[in-house]
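S.K.:
Chains as they are written, first to last, in this note's numbering: chain E, 1 to 254; chain W, 255 to 478.
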């Protein structure tokens, strides 16, 4: 049942779901949810529900894909047929292939691939329920799963989108804002030592002026820092036991 | 009390102190994995909490033969890379014996990492008193990052397991552990090892494991 465009996307300085312009949707992150994956993460970002699984570094099959100097990274973004209102044909389509490609390139900048020549790191992200910004949710989930898998990285990727609706820039758009807004701009940042170090991914759909892009970047940075804190908390919660993190001296040689 | 760090956390500003699990950029030392920070005056390192086993020289590993070739065996050592055991590194090889009669696909071995080339091609050797083909007993798998904990401070944990249960144990650095002995005792040892793996970062673990083993022994009716 395709909905028609709401008359206004912003009512009395508030968005359709009552959020402020610079407010994120509620986020829930759970680490280590899959037993057989090396690292995994379940993440909810508003109505988005995604699961990420990381395998590796492991041997590359088919063999001709392996790189003798570094690990190859494979990223698969996939939407479940039931993730959207109208059943989606299963399997990769033009859109998901593109998202997989850009996300993979974002992660290639963060993962220390040189440490594992001739191997592969596989990242699978399944969208179980999609609202807007599922690629950002997937990147957030995948980077938590990578940390959980113990993959060496320069920092952590955090992703958030900014949209322009009714001439106003809003953080983390939901479905109506994405569908009927004027522009949509997903970002992914490399965060190191709780500071934004660089941009790993940027895309744009629609049009924005130069000033708007600058403002969008600032807005996204603010949102990303909030998400980073949640990602960090989720991982810490999984590994810090209740008694604290007291550790006895361990001996590394047998 | 030690701190858990995530990739990208700044852990030192002295690049000379950078140890394992860290990387240096612009004179600053950052963590590269999820791990526990181990810091002293002249070195900082990050002890990983998770991750695949990366082979290093002279590691004792438990492996499973995956392929027999004319010159040796391809062995799976539970790492991103397959290892190779050349026939001349197996003391059981005799000129009139066929290689697949000595070790066949699916056989397990205890071997030592002899060489790693820059392309991460790993060569194993069995010319060591620890190394043997495994023909009986049980192999269990744990997270390779927890192996130091199973061994314990100066081998205290492994000594405890061996003395309390009088079973043979070989802990492969790759997270595979070979156990041999009385079946009931081996089962208790297996449970104990899984418990160590689970509670690796808690205090007083050695004492608790000792208690656990004694309790399980009396449950199973094994005299101390």
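For each residue, glycine too, the CB sits at the ideal point set by N, CA and C.
Given the structure is predicted, the values throughout are model-derived calculations rather than measurements.
Could you confirm whether any beta carbon from chain W is found closer than 8 Å to the beta carbon of residue 108(E)?
M.R.: Counted from its first residue, the first chain places residue 108(E) at position 108. It does not; no Cβ of chain W falls within 8 Å.
S.K.: In chain E, which residues lie with their C-beta within 7 Å of the C-beta of residue 269(W)?
M.R.: Counting from one through the second chain, the residue named residue 269(W) turns up at place 15. Residues of chain E passing the Cβ test: none, with the nearest at roughly 15 Å.
S.K.: Assuming the contact rule is C-beta atoms closer than 8 Å, residue 72(E) and residue 66(E) should be a hit. Round their C-beta distance to whole Å, please.
M.R.: In the first chain, the residue the question calls residue 72(E) occupies position 72. In the first chain, the residue the question calls residue 66(E) occupies position 66. 7 Å between Cβ atoms; contact.
S.K.: Going along the chain, which residues of the stretch 294-319 of chain W sit with their C-beta nearer than 9 Å to a C-beta in chain E?
M.R.: 301, 302, 303, 304, 305, 306, 308, 313 and 314
S.K.: What are the boundary residues of the alpha helix (DSSP H) that includes residue 134(E)?
M.R.: The residue given as residue 134(E) occupies position 134 in the first chain. Per DSSP, residue 134(E) belongs to the alpha helix (DSSP H) from 134-148.
S.K.: In this structure, what does DSSP give as the bridge partners for residue 317(W)?
M.R.: For the purposes of this step, residue 317(W) is taken as the residue at position 63 of the second chain. Residue pairing for residue 317(W): DSSP places it in a beta bridge opposite 363(W).
S.K.: Note down the Cα distance separating residue 358(W) from residue 420(W), rounded to an integer number of angstroms.
M.R.: Here residue 358(W) is taken as the residue at index 104 of the second chain, counted from 1. Here residue 420(W) is taken as the residue at index 166 of the second chain, counted from 1. Answer to the nearest angstrom: the Cα atoms are 30 Å apart.
S.K.: Pairing CB atoms from the stretch 194-209 of chain E with CB atoms from the stretch 166-186 of chain E, are three or more of them under 8 Å?
M.R.: yes
S.K.: So, helix, strand or coil for residue 335(W), using DSSP?
M.R.: What you label residue 335(W) is simply residue 81 of the second chain in a count that begins at 1. Note: residue 335(W) maps to coil in three-state DSSP.
S.K.: Taking only beta-carbon atoms, is residue 434(W) less than 8 Å away from chain E?
M.R.: Residue numbering aside, residue 434(W) sits at position 180 when the second chain is read from its first letter. Not one chain E Cβ lies under 8 Å of residue 434(W).
S.K.: Less than 7 Å between C-beta atoms, sequence neighbours within five positions excluded: which residues of the same chain meet that for residue 32(E)?
M.R.: What you label residue 32(E) is simply residue 32 of the first chain in a count that begins at 1. Answer for residue 32(E): 40, 148 and 238, listed in chain order.
S.K.: What residues in its chain sit with their C-beta under 8 Å from that of residue 464(W), if we drop five residues either side in the sequence?
M.R.: The count along the second chain starts at 1 and reaches residue 464(W) at position 210. Only 414 and 418 meet the Cβ criterion.
S.K.: Scan the stretch 256-309 of chain W and note each continuous beta strand (DSSP E) run of 3 residues or more that stays entirely inside, going in chain order.
M.R.: 264-266, 276-279, 282-285, 289-294 and 297-302
S.K.: Measure the Cβ-Cβ separation of residue 164(E) and residue 189(E) and say whether it is below 8 Å.
M.R.: Walking along the first chain from the start, residue 164(E) turns up at place 164. Walking along the first chain from the start, residue 189(E) turns up at place 189. No, they are not a contact pair.
S.K.: Using 10 angstroms around the beta-carbon of residue 352(W), count the other beta-carbons present and answer buried if the total reaches 16, otherwise exposed.
M.R.: For the purposes of this step, residue 352(W) is identified with residue 98 of the second chain, where counting begins at 1. Exposed: under 16 other Cβ atoms inside 10 Å.
S.K.: So which residues of chain E does residue 263(W) contact, with C-beta pairs closer than 7 Å?
M.R.: For this step, residue 263(W) is matched to residue 9 along the second chain. Neighbours of residue 263(W) on chain E, chain order: 193.
S.K.: Under 8 Å Cβ-Cβ, which residues of chain C neighbour residue 380(W)?
M.R.: In the displayed structure, chain C is absent; the protein chains listed are E and W.
S.K.: So which residues of chain W does residue 114(E) contact, with C-beta pairs closer than 9 Å?
M.R.: If you number the first chain from 1, residue 114(E) lands on position 114. Residues of chain W with a Cβ closer than 9 Å to the Cβ of residue 114(E) do not exist; the shortest Cβ-Cβ separation is about 11 Å.
S.K.: Check the Cβ-Cβ distances between residue 288(W) and every residue of chain E, and say whether any is below 8 Å.
M.R.: As a working note, residue 288(W) is residue 34 in the second chain. Yes, its Cβ sits closer than 8 Å to a Cβ of chain E.
S.K.: With a threshold of 8 Å between beta-carbons, can residue 260(W) be considered close to chain E, or not?
M.R.: Start at 1 with the first residue of the second chain, and residue 260(W) comes out as number 6. Yes, contact with chain E.
S.K.: So with Cβ pairs under 8 Å, would you call residue 119(E) a contact of chain W?
M.R.: Reading the first chain from its first residue, position 119 is the one you call residue 119(E). At least one CB of chain W lies nearer than 8 Å to the CB of residue 119(E).
S.K.: Below 8 Å between beta carbons: does that hold for residue 155(E) and residue 197(E)?
M.R.: By one-based count along the first chain, residue 155(E) stands at place 155. By one-based count along the first chain, residue 197(E) stands at place 197. Yes; because the gap between Cβ atoms is below 8 Å, this pair is in contact.
S.K.: Does DSSP classify residue 203(E) as helix, strand or coil?
M.R.: The residue given as residue 203(E) occupies position 203 in the first chain. It is coil, neither helix nor strand.
S.K.: At which residue ranges does the stretch 48-90 of chain E contain complete beta strand (DSSP E) runs of 3 or more residues, listed in the order of the chain?
M.R.: 48-59 and 72-79
S.K.: Would you mind stating whether residue 265(W) and residue 278(W) have Cβ atoms separated by less than 8 Å?
M.R.: Here residue 265(W) refers to the residue found at position 11 when the second chain is read from its first residue. Here residue 278(W) refers to the residue found at position 24 when the second chain is read from its first residue. Not a contact, by the Cβ cut-off of 8 Å.
S.K.: Taking the beta strand (DSSP E) that residue 190(E) belongs to, which residues open and close that run?
M.R.: Position 190 of the first chain, counting from 1, holds the residue named residue 190(E). For residue 190(E), the enclosing beta strand (DSSP E) stretches over residues 183-192.
S.K.: Who are the Cβ neighbours of residue 379(W) in its own chain at under 6 Å, not counting the five residues just before and after it?
M.R.: Here the question's residue 379(W) lines up with position 125 in the second chain. The residues are 343, 366 and 368.
S.K.: Sort out for me which residues DSSP pairs residue 195(E) with in a bridge.
M.R.: Counted from its first residue, the first chain places residue 195(E) at position 195. In the DSSP output, where bridge partners are listed per residue, residue 195(E) has 192(E).
S.K.: Using Cβ-Cβ distances below 8 Å, what residues of the stretch 326-338 of chain W are close to chain E?
M.R.: 334, 335 and 336
S.K.: Output, in chain order, the set of chain W residues within a Cβ distance shorter than 8 Å of residue 240(E).
M.R.: As a position in the first chain, residue 240(E) is number 240, starting the count at 1. Neighbours of residue 240(E) on chain W, chain order: 258.
S.K.: Along the chain, where does the beta strand (DSSP E) that runs through residue 328(W) open and close?
M.R.: For this step, residue 328(W) is matched to residue 74 along the second chain. Run containing residue 328(W): 326-330, per the beta strand (DSSP E) assignment.
S.K.: Could you give the residue range of the alpha helix (DSSP H) that holds residue 21(E)?
M.R.: In the first chain, counting from the first residue as 1, residue 21(E) sits at position 21. Per DSSP, residue 21(E) is not a residue of any alpha helix (DSSP H), being assigned neither H nor E.
S.K.: Please decide whether residue 221(E) counts as near chain W, where near means a Cβ-Cβ distance under 8 Å.
M.R.: For the purposes of this step, residue 221(E) is taken as the residue at position 221 of the first chain. It does not: the Cβ of residue 221(E) has no partner Cβ on chain W nearer than 8 Å.
S.K.: Can the beta-carbon of residue 27(E) be found less than 8 Å from the beta-carbon of residue 144(E)?
M.R.: By one-based count along the first chain, residue 27(E) stands at place 27. By one-based count along the first chain, residue 144(E) stands at place 144. For residue 27(E) and residue 144(E), no; Cβs fall outside 8 Å.
S.K.: From residue 381(W) to residue 345(W), what distance separates their C-alpha atoms?
M.R.: Here residue 381(W) refers to the residue found at position 127 when the second chain is read from its first residue. Here residue 345(W) refers to the residue found at position 91 when the second chain is read from its first residue. Spanning the two alpha carbons is a distance of roughly 6 Å.
S.K.: Given that a residue counts as buried once 16 or more other Cβ atoms are within 10 Å of its Cβ, and exposed if not, what is residue 360(W)?
M.R.: One-based indexing of the second chain puts residue 360(W) at position 106. With fewer than 16 Cβ atoms within 10 Å of its Cβ, residue 360(W) is classed as exposed.
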